[in-house]
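Here's the structure we're looking at; comments come further down.
In my numbering, the protein residues as written are 829 to 979.
Have a look at this one:
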């Protein structure tokens, strides 16, 4: 009888627990980045990225011309770490996730809030690689704008 009860419990447990898919793991990796931002955690930021990651943004300059800016993970981590906790809040929607073995891309429109106030919106485009079983951001490029946002 004990063996029978154990078998039933094991079967029920398997119904309620499922292995995380690659897409779930990638969503978790993106969310980890934004949790680290919100927590002003520079080391958490660095942990999200691959060794030679590239970060770029396309934004309008003072003359309203679009410019491509490139930053290092280290610079971004220092910036985040210099902010008080709960100041930076990026909210994404996962529009598309494509995976091919150790390579994945994510297209995620976002809204960014600073100190609880809407700041800007755009799209985050992530390229992930799988390193030692973990998904790491190899390339992140985003757009930034103040008009045409849903908020």
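For every residue, glycine included, the Cβ atom is placed at its ideal position computed from N, Cα and C.
Out of curiosity, what's the CA-to-CA distance linking residue i and residue j?
| i | j | result |
| --- | --- | --- |
| residue 947 | residue 927 | 31 Å |
| residue 913 | residue 891 | 32 Å |
| residue 938 | residue 870 | 21 Å |
| residue 880 | residue 975 | 33 Å |
| residue 884 | residue 950 | 13 Å |
| residue 848 | residue 922 | 17 Å |
Exposed or buried, residue i, counting other C-beta atoms within 10 Å across all chains shown (16 or more means buried)?
| i | result |
| --- | --- |
| residue 859 | exposed |
| residue 932 | buried |
| residue 918 | buried |
| residue 970 | buried |
| residue 968 | buried |
| residue 929 | exposed |
| residue 916 | buried |
Quick one: what's got a C-beta closer than 8 Å to residue i's C-beta in the same chain, skipping five residues either side?
| i | result |
| --- | --- |
| residue 920 | 858, 862, 936, 937, 938 and 952 |
Name the two residues that bound the continuous beta strand (DSSP E) containing residue i.
| i | result |
| --- | --- |
| residue 964 | 962-971 |
| residue 950 | 945-959 |
| residue 862 | Element bounds for residue 862: not the beta strand (DSSP E) but the alpha helix (DSSP H), 850-866. |
Among the residues of its own chain, which have a CB less than 6 Å from the CB of residue i, if the five just before and after it don't count?
| i | result |
| --- | --- |
| residue 864 | 872 and 873 |
| residue 886 | 894, 896 and 971 |
| residue 876 | 860, 861 and 965 |
From the DSSP output, which residues share a beta bridge with residue i?
| i | result |
| --- | --- |
| residue 885 | 897 and 970 |
Could you check where the alpha helix (DSSP H) with residue i kicks off and where it finishes?
| i | result |
| --- | --- |
| residue 870 | 870-875 |
Kindly list the residues whose CB is nearer than 7 Å to the CB of residue i, restricted to its own chain and excluding five residues on each side of it in sequence; keep chain order.
| i | result |
| --- | --- |
| residue 855 | 922 |
| residue 942 | 915 and 916 |
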